[in-house]
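Visitor:
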Amino acid sequence: MLRPFLAQTVNWSIDSPPLSDAQIAADDVLAGYLDGWGRPGDTGVVILDEEEQAVGAAWVRLPHDGWRGLGWAGDQIPELRIAVDPAAQGNGYGTHLLRAVLDLLRLSGRGSVSLAVHELNTAGEFFAANGFVIAGREGGADILLRSI
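In UniProt numbering, the protein residues as written are 1 to 148.
#1: Check each candidate in GLY139, SER112, ALA54, ALA7 and name the one with the smallest Cα separation from SER147.
#2: Hey, is the stretch 16–34 in contact with the stretch 97–117, meaning 3+ C-beta pairs nearer than 8 Å?
#3: Could you name the residues that DSSP lists as bridge partners for SER13?
#4: Output the boundary residues of the beta strand (DSSP E) element that contains LEU58.
#5: Using the Cα positions of GLY92 and PHE126, report the straight-line distance between them to the nearest angstrom.
#6: Roughly how far, in whole angstroms, is the beta-carbon of GLY56 from the beta-carbon of GLY94, given that I think they are within contact range, below 8 Å?
#7: Do the CB positions of VAL46 and MET1 come within less than 8 Å of each other?
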């Protein structure tokens, strides 16, 4: 269920050729966001529209077995991925997803969450408005961190 949303987090730019599902699966870092889902620390939520269709997802994963995601900020800090179907954006789904996953992290005793957002991706504005701050930079992406 999360795979199309992972693809959306990867293929956000209209200026870059999109990666196929096969290309994402072949990339060790990108595939690591879903491979073996259900490990300790894996937490996620999916939001449904009025017709009960999945229109967005937010999930977190801890680094494991040598895998670190693009937004790695520490081995005990879960990394967030979040996406809303472009046709459903503007309805507050992203905010609901973020709040839900942050609540789950808080209940599980986590103190912070990280993510990576490319400097040209306007999603950075959404995250800044929701309490994320720049903690570092890797390539063309900012590593964002939020206390919970």
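Where is the CB? At the ideal position from N, CA and C, for every residue including glycine.
Guide: Per the coordinate set shown:
#1: Walking along the sequence shown from the start, residue 147 turns up at place 147. Per the Cα distances, SER112.
#2: no
#3: Translated into the one-based positions of the sequence shown, residue 13 becomes position 13. None, per the DSSP bridge assignment.
#4: Residue numbering aside, residue 58 sits at position 58 when the sequence shown is read from its first letter. A small fix is needed here, since residue 58 is Ala in this sequence, not Leu. That run of the beta strand (DSSP E) goes 54–61.
#5: As a first step, residue 92 is located in the sequence shown; it is residue number 92 there, counting from the start. As a first step, residue 126 is located in the sequence shown; it is residue number 126 there, counting from the start. Cα to Cα, the separation comes out at about 11 Å.
#6: Looking up residue 56 in the sequence shown gives position 56. Looking up residue 94 in the sequence shown gives position 94. Yes, GLY56 and GLY94 are in contact; Cβ-Cβ is about 7 Å, under 8 Å.
#7: Mapped onto the sequence shown, residue 46 falls at position 46. Mapped onto the sequence shown, residue 1 falls at position 1. Closer than 8 Å, so yes.
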